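Protein chains in written order, with this note's numbering: chain A, 3 to 278; chain B, 6 to 302.
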Amino acid sequence: MTGTTVAAAAVRPPLRAYRAYARISARTVLTYRLNFALGLFGLLFQLLALLSIWGVLLRAGNTVGGFSWPQMKAYLLIAYGTNAIASSFGDMRMGFRIREGLVAIDLTKPVDFQRARFAETSGVAVVELATTAGICALVVGLAGPVSGPAPGQTGLFLLSLLPLLPLKFCTVYLAGLACFWTQNTFGVSLTRVAVTNLFSGALVPLALLPGWLQATAGVLPFASITATPAALYLGTATGTEALRLLAVQLAWAVGLWFGCRLIWRVAVRKLTVHGG
Amino acid sequence: MSVTGPPKTPLEPAREPRTDPSDPRFPQRSWAQRLRRTVRLYRRGLGAHLRAVLEYEADFWLLVGAAVLTQLVGLVFLGAIFSRVPHLAGWQFPEVVLIFAMVVIAEGIGSLLFEGTWRLAWKVNQGELDYLLLRPYPVVLQVMHADVGLNGLGNLVTGGALLGWALWRVDVDWTLARVLLGLVLFVSAITIKVSISLATNATSFWTFSPFSIFAFAMHQVGDLARYPLNVYTLGIRAALTGLVPFAFISYFPAGALLGHGQYAWVGWLTPLVAAYCLGVAWLVFRTGLRRYEGAGA
Numbered sequence: 003m004t005g006t007t008v009a010a011a012a013v014r015p016p017l018r019a020y021r022a023y024a025r026i027s028a029r030t031v032l033t034y035r036l037n038f039a040l041g042l043f044g045l046l047f048q049l050l051a052l053l054s055i056w057g058v059l060l061r062a063g064n065t066v067g068g069f070s071w072p073q074m075k076a077y078l079l080i081a082y083g084t085n086a087i088a089s090s091f092g093d094m095r096m097g098f099r100i101r102e103g104l105v106a107i108d109l110t111k112p113v114d115f116q117r118a119r120f121a122e123t124s125g126v127a128v129v130e131l132a133t134t135a136g137i138c139a140l141v142v143g144l145a146g147p148v149s150g151p152a153p154g155q156t157g158l159f160l161l162s163l164l165p166l167l168p169l170k171f172c173t174v175y176l177a178g179l180a181c182f183w184t185q186n187t188f189g190v191s192l193t194r195v196a197v198t199n200l201f202s203g204a205l206v207p208l209a210l211l212p213g214w215l216q217a218t219a220g221v222l223p224f225a226s227i228t229a230t231p232a233a234l235y236l237g238t239a240t241g242t243e244a245l246r247l248l249a250v251q252l253a254w255a256v257g258l259w260f261g262c263r264l265i266w267r268v269a270v271r272k273l274t275v276h277g278g
Numbered sequence: 006m007s008v009t010g011p012p013k014t015p016l017e018p019a020r021e022p023r024t025d026p027s028d029p030r031f032p033q034r035s036w037a038q039r040l041r042r043t044v045r046l047y048r049r050g051l052g053a054h055l056r057a058v059l060e061y062e063a064d065f066w067l068l069v070g071a072a073v074l075t076q077l078v079g080l081v082f083l084g085a086i087f088s089r090v091p092h093l094a095g096w097q098f099p100e101v102v103l104i105f106a107m108v109v110i111a112e113g114i115g116s117l118l119f120e121g122t123w124r125l126a127w128k129v130n131q132g133e134l135d136y137l138l139l140r141p142y143p144v145v146l147q148v149m150h151a152d153v154g155l156n157g158l159g160n161l162v163t164g165g166a167l168l169g170w171a172l173w174r175v176d177v178d179w180t181l182a183r184v185l186l187g188l189v190l191f192v193s194a195i196t197i198k199v200s201i202s203l204a205t206n207a208t209s210f211w212t213f214s215p216f217s218i219f220a221f222a223m224h225q226v227g228d229l230a231r232y233p234l235n236v237y238t239l240g241i242r243a244a245l246t247g248l249v250p251f252a253f254i255s256y257f258p259a260g261a262l263l264g265h266g267q268y269a270w271v272g273w274l275t276p277l278v279a280a281y282c283l284g285v286a287w288l289v290f291r292t293g294l295r296r297y298e299g300a301g302a
């Protein structure tokens, strides 16, 4: 009797175990506020540079690539928010734990590794969401009015934010898993940031890219992170096209989640921990 | 007045024989010899660390590739903008690429030759500077050559290619004087970048934290200098010119070389700014080093 209970508990740990992970990670970033803020610094200065550049190009009232100045501001804020989410407790931390062998401690815990990392990411996401709201208010205050959501698109936009967290988590987690092979965290993380920046549309709207890059972005999951929410918000994708984008987004989130689980099984066998 | 003062420790009078010209252990060197020795030892120290990081061949390709990719993505952004508009705040595509490339090259040289600067905070925190203090070579140089950032090679290759392309495409009459001006501006810009890194990292003598958050934050601020300064608001322009002169790494030297914009003359001040930055960095490092008291263990 007792034996089976213990076994069952080991297979599926209670939800509150994961809630504890989320709480602890949120508390960690609130304790090390300066480090957290610094982690967002890169994105913040990217936002500042992009706002300045597009401001020069669009403030006169013209449009570039179909974007007016208030629309571009909205786009850049969505790009910032979708980039900032799940960015703080990510691959660098996981890579460090793999490299130093600390991941062995994570493996001894009776929780699912991927779900535990996802719980941590979710906890931090609450803080990241709050800071993003603050940044949005600041930009509206300093750079003037931002386009609201296109009529009838608010619900679709909010719907597109739901798969965002697992989707973004998976791209970061995949980079973390790569460290089982490479042992090099910095290079992997740099690559991930560059690839995400380009193919999600965070740095420049995908519509402004040359055709072959747009085609590449079309078959990669990153467009679902920034380009999809932005298209729904600005109303460039409506009706069936909007639903198609949402379906693609959901498919990527689910597909990557289970893809990561498969890769994890292979990756964890690569681990060598020296002593302890 | 105390009669029984502390006895002279054998460490203290070590300065004496140095000034004795007849002592063969401390040969008198001319300044040229000293400079050559300094450069040679820097190269040797850096070479040792280079060999160490090259042991990990996969790391090498990963870091170089990641750096190249990062800069290419930045270039795609510029290309996307200039495929729609003819100029950005009065600057044409090759000119903006020139500005962009200068920041990339400065970062590349900083990582490749002076990456140790970024490990100073850790050394102070762990008390590792003790060893460096005992060697007959400037501590600041020992700190700076104590690591090699291979991503710097990627940045240097990409930045160099971009700079070459930009210089080929910009509308400049290449006289000998202009080539010399370009070289002086280039060396000055790199000096400014390295000096800012050193000064900001040397703040860890006061903070004792294992990583210099301030230096990393300033590095991110420096990324703003990738684009023409006149796209920014007045406050940011002033900060990047006077407060932390990142604009003298890219925007002002480019302006002086191209004779472009109403502030082109400011670029002529780049060597002065470089000397100033180097002086401040040296002063901050030296003042910090005097405060250093080891880690106790």
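We put the beta carbon where it would ideally sit given N, CA and C, even for glycine. These figures come from a predicted structure and were not determined experimentally.
Determine the direct distance from the alpha carbon of residue j to that of residue i, and round the result to whole angstroms.
i                      : j                      : result
residue 173 of chain A : residue 53 of chain B  : 37 Å
residue 295 of chain B : residue 286 of chain B : 14 Å
residue 165 of chain B : residue 112 of chain A : 52 Å
residue 162 of chain A : residue 233 of chain B : 36 Å
residue 258 of chain A : residue 149 of chain B : 43 Å
residue 42 of chain B  : residue 66 of chain B  : 33 Å
residue 175 of chain A : residue 213 of chain A : 29 Å
residue 273 of chain B : residue 246 of chain B : 14 Å
residue 217 of chain A : residue 201 of chain A : 10 Å
residue 14 of chain A  : residue 134 of chain A : 34 Å
residue 89 of chain B  : residue 67 of chain A  : 7 Å
residue 106 of chain A : residue 158 of chain B : 34 Å
residue 222 of chain B : residue 206 of chain B : 11 Å
residue 47 of chain A  : residue 82 of chain A  : 10 Å
residue 280 of chain A : residue 171 of chain A : This structure cannot speak to residue 280 of chain A, because chain A is shown only from 3 to 278.
residue 48 of chain B  : residue 152 of chain B : 12 Å
residue 56 of chain A  : residue 63 of chain A  : 11 Å
residue 133 of chain B : residue 201 of chain B : 23 Å
residue 119 of chain A : residue 38 of chain A  : 17 Å
residue 8 of chain B   : residue 136 of chain B : For residue 8 of chain B, the pLDDT reaches just 49, beneath the cut-off of 50, and the residue's location in the model is therefore unreliable, although a value from the coordinates is still provided. Residue 8 of chain B and residue 136 of chain B: Cα-Cα distance of roughly 34 Å.
residue 282 of chain B : residue 198 of chain A : 36 Å
residue 243 of chain B : residue 250 of chain B : 9 Å
residue 57 of chain B  : residue 266 of chain A : 31 Å
Would residue i and residue j be called neighbours here (beta carbons separated by less than 7 Å)?
i                      : j                      : result
residue 199 of chain B : residue 115 of chain B : yes
residue 196 of chain A : residue 78 of chain B  : yes
residue 97 of chain A  : residue 30 of chain A  : no
residue 156 of chain B : residue 55 of chain B  : no
residue 137 of chain A : residue 231 of chain A : no
residue 255 of chain B : residue 129 of chain B : no
residue 85 of chain B  : residue 236 of chain A : no
residue 187 of chain B : residue 262 of chain B : yes
residue 225 of chain B : residue 43 of chain A  : yes
residue 81 of chain B  : residue 93 of chain B  : no
residue 122 of chain A : residue 27 of chain A  : yes
residue 258 of chain B : residue 182 of chain B : no
residue 58 of chain A  : residue 236 of chain B : yes
Output the boundary residues of the alpha helix (DSSP H) element that contains residue i.
i                      : result
residue 255 of chain B : No alpha helix (DSSP H) holds residue 255 of chain B; DSSP gives it neither H nor E.
residue 221 of chain A : Note, residue 221 of chain A: premise wrong, no alpha helix (DSSP H); not H, not E.
residue 116 of chain A : 115-145
residue 104 of chain A : It is not in any alpha helix (DSSP H) - residue 104 of chain A carries neither H nor E in the DSSP assignment.
residue 135 of chain B : 134-138
residue 82 of chain B  : 62-87
residue 38 of chain A  : 35-60
residue 128 of chain B : 125-131
residue 34 of chain B  : Premise fails: residue 34 of chain B is in no alpha helix (DSSP H) and is neither H nor E.
residue 104 of chain B : 98-119
residue 231 of chain B : It is not in any alpha helix (DSSP H) - residue 231 of chain B carries neither H nor E in the DSSP assignment.
Using 8 Å for Cβ pairs, my map puts residue i next to residue j. What's the rounded Cβ distance?
i                      : j                      : result
residue 90 of chain A  : residue 41 of chain A  : 5 Å
residue 118 of chain B : residue 51 of chain B  : 7 Å
residue 87 of chain A  : residue 131 of chain A : 7 Å
residue 112 of chain B : residue 160 of chain B : 5 Å
residue 168 of chain B : residue 110 of chain B : 6 Å
residue 169 of chain A : residue 255 of chain A : 4 Å
By the criterion of Cβ-Cβ separation under 7 Å, what are the contact partners of residue i in chain C?
i                     : result
residue 75 of chain B : The chain inventory of the structure shown lacks chain C, comprising the protein chains A and B.
Please confirm whether any heavy atom of the ligand NAP lies closer than 6 Å to the CB of residue i.
i                      : result
residue 291 of chain B : With respect to the ligand NAP, the structure offers nothing, as it holds no ligand at all.
Interface positions of the region 208-223 of chain B facing chain A (Cβ-Cβ less than 8 Å), listed along the chain: Residues of the region 208-223 of chain B that bring their beta carbon within less than 8 Å of a beta carbon in chain A comprise 218, 221 and 222, in sequence order.
Contact set between the region 140-163 of chain B and chain A, restricted to residues whose Cβ is under 8 Å from the partner: 156
Proximal residues, the region 160-171 of chain A versus chain B, C-beta separation under 8 Å: Correct list: empty, as no residue qualifies.
Positions along the region 58-80 of chain A whose CB lies within less than 7 Å of some CB in chain B: 58, 59, 66 and 67
Chain B contacts made by the region 26-37 of chain A, where a contact means CB separation under 9 Å: 36 and 37
Near-chain A residues of the region 46-63 of chain B - C-beta to any C-beta below 7 Å: 63
Within 8 Å of chain B by C-beta, residues of the region 215-236 of chain A in sequence order: 215
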